[in-house]
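Okay, so here's the structure we're looking at.
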Amino acid sequence: MDNKKKITAHLIYAVSIAAIGSLQFGYNTGVINAPEKIIRSFFNRTLSERSGEAVSPELLTSLWSLSVAIFSVGGMIGSFSVSLFVNRFGRRNSMLLVNILAFVGGIFMAVSKIAKAVEMLVIGRFIIGIFCGLCTGFVPMYISEVSPTSLRGAFGTLNQLGIVVGILVAQIFGLEAIMGTEALWPLLLGFTVLPAVLQCVALLFCPESPRYLLINKMEEEKAQAVLQKLRGTEDVSQDILEMKEESAKMSQEKKATVPELFRSPNYRQAIIIAIMLQLSQQLSGINAVFYYSTGIFERAGITQPVYATIGAGVVNTIFTVVSLFLVERAGRRTLHLVGLGGMAVCAVLMTIALALKDIVLWIRYISIVATFGFVALFEIGPGPIPWFIVAELFSQGPRPAAMAVAGCSNWTSNFLVGMLFPYAEKLCGSYVFLIFLVFLVIFFVFTFFKVPETKGRTFEDISRGFEGQGEASPTSPVEKNPMVELNSIQPDKEVA
């Protein structure tokens, strides 16, 4: 097997342990939904005992909304802090260090019932949000930097696989038969401590990112030793040469701060694409489907909607695995377009089915099929691709700042969808998914005209394309439109 495509035990171990951070993000996103009624009653009982008065429904709703939304606020703060950690402590050590937040947040939530402290649950959710926000930057960055170019997309998809497995585990654990009970819900929320312990121990045996060692720390021998383990070969000269070229370029550039990403013409187009891809993930409507899937299935007439929701989670996981095998064959851009286009069709079908459910009885099954199709197509493209393509669009210097901006965009739009969707549903009723249809069409058009294919390309090659250097001469008309050049250059057959 070609060394560039060789999958070694060290490589599998490193990316799998990193993906525990993604699993934590998925678990803590989904865990709060199942025990909603039980937690609301805990709020009611605790506050009534404390004040000696009945608690108003408005206050209970506000507290519940705060418990859900504070997770996203923490995520925004965490994601925007990514570059502060990775440049100072390294990629691996940053993942190791922030597990402290998982311990603290998990313990706060687990003991909130015993302590009779609503505040502890809210603070715990906030701390876990910060932790998950940091993980959404650390994990895809680390995976992209340890993976060989030819396998970067497939391994990058493991980040999304971790997220969807986390959501599915949370849905299953939240069943009444397992931990979704009055007695066990604190353990359900506090369970996040166990993966944190596992990751802390396992990370001690993971290597630091070789790109960080060579480019940031100038430790070539260590980087070479790590690459030899990860690639399973003594000859890693091509990887070292590529990193040295990137390092030489980085030494000539100003340090890429967040404002610089928007000011510099070399980065501006790439950061706009990165933000738009993150928005295409959240504004596609996928979180609305998952946040409110039980309600959608109830209105569709399903007698056991919770199991239909878990079914959607299973579909979610299966198609993420499908994407893992497709991404290096079909390419990132193609899968993203297929996903967005298919989701737009499913959004139309869901709207029709919900509008006619009281008139045509059999159409309720169309809404279930359309919901499952919506989820499946999301995992083909808009689910996994925005996370790792951001790491591909930028070279080593601006990558941490770009990941911070992209992650913050994702968490902010996630927060807005979670907060505004109930009002949009109340206002639009059965036609609510037409709002997401409009977004899906906009993102499809943007992806078609602006997003480059990055399959089989080195980081340096991709970033050069945005600067209009690539294969074009300084006077070439292609230079004036770097995106044309970026889409037209095919990767070397040896690399692809």
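If you count by this note's numbering, then the sequence shown holds residues 17 to 512, one letter each, in order. Backbone N, C-alpha and C fix where the C-beta goes; we use that ideal spot for every residue, glycine too.
field: Neighbourhood of residue 98 by C-beta distance below 7 Å, restricted to the same chain and skipping five residues each side
entry: 150, 153, 154, 416, 419, 420, 423
- request: Tell me, please, whether the stretch 436–454 touches the stretch 100–109 by the rule of three or more beta-carbon pairs shorter than 8 Å.
  value: no
- request: Determine the contact status of residue 142 and residue 94, defining contact as a CB-CB distance below 8 Å.
  value: no
task: Enumerate in chain order the residues of its own chain whose CB-to-CB distance from residue 119 is below 7 Å, with the five nearest sequence positions on each side excluded.
output: 209, 212
field: Beta carbon of residue 294 nearer than 8 Å to that of residue 426
entry: yes
field: Distance, residue 177 Cα to residue 354 Cα
entry: 19 Å
task: Compute the Euclidean distance between the alpha carbons of residue 304 and residue 434, then round it to the nearest angstrom.
output: 7 Å
field: CB of residue 83 within 8 Å of CB of residue 430, strictly
entry: no
message: Taking a contact to mean a Cβ-Cβ separation below 8 Å, would you say residue 332 touches residue 180 in this structure?
response: yes
task: Label residue 445 either buried or exposed according to how many other C-beta atoms from any shown protein chain fall within 10 Å of its C-beta, with 16 as the threshold for buried.
output: exposed
- request: Measure the CB-CB distance between residue 357 and residue 460 and report whether it falls below 8 Å.
  value: yes
- request: Could you have a look at residue 521 and say whether DSSP puts it in helix, strand or coil?
  value: In the structure displayed, the chain extends from 17 to 512; residue 521 sits before or after that span and is not available.
message: Output needed for residue 85: all residues of its chain with C-beta closer than 7 Å, excluding positions within five of it in sequence on either side, in chain order.
response: 431, 434, 435
query: So what's residue 468 in DSSP terms, helix, strand or just coil?
result: coil
- prompt: For residue 488, which three-state DSSP category applies?
  reply: Interpretation of residue 488 is limited by its pLDDT of 40, a score under 50 that renders its predicted location unreliable; no figure is taken from the coordinates.
query: Three or more C-beta pairs closer than 8 Å, one from the stretch 285–293 and one from the stretch 389–407: is that the case here?
result: yes
message: Please state whether the Cβ-Cβ distance between residue 173 and residue 336 is less than 8 Å.
response: yes
query: So, helix, strand or coil for residue 132, using DSSP?
result: coil
message: Just to confirm, is the Cβ distance from residue 158 to residue 225 under 8 Å?
response: yes
query: When the Cα atoms are used, what is the spatial distance from residue 216 to residue 222?
result: 10 Å
task: Determine the extent of the alpha helix (DSSP H) in which residue 9 is found, giving its start and end residues.
output: Nothing can be reported for residue 9, as the shown portion of the chain is limited to 17 through 512.
task: Just mark residue 489 as buried or exposed, buried being the case when its beta carbon has 16 or more other beta carbons within 10 Å.
output: For residue 489, the pLDDT reaches just 36, beneath the cut-off of 50, and the residue's location in the model is therefore unreliable, although a value from the coordinates is still provided. So residue 489 ends up on the exposed side.
query: How should residue 381 be labelled, buried or exposed, when 16 other C-beta atoms within 10 angstroms of its C-beta is the threshold for buried?
result: exposed
query: Can you list, in chain order, the residues of its chain whose CB lies under 8 Å from that of residue 476, leaving out five sequence neighbours each side?
result: 258, 261, 262, 265, 411
message: Suppose you measure from the CA of residue 37 to the CA of residue 376; what does that come to, to the nearest Å?
response: 45 Å
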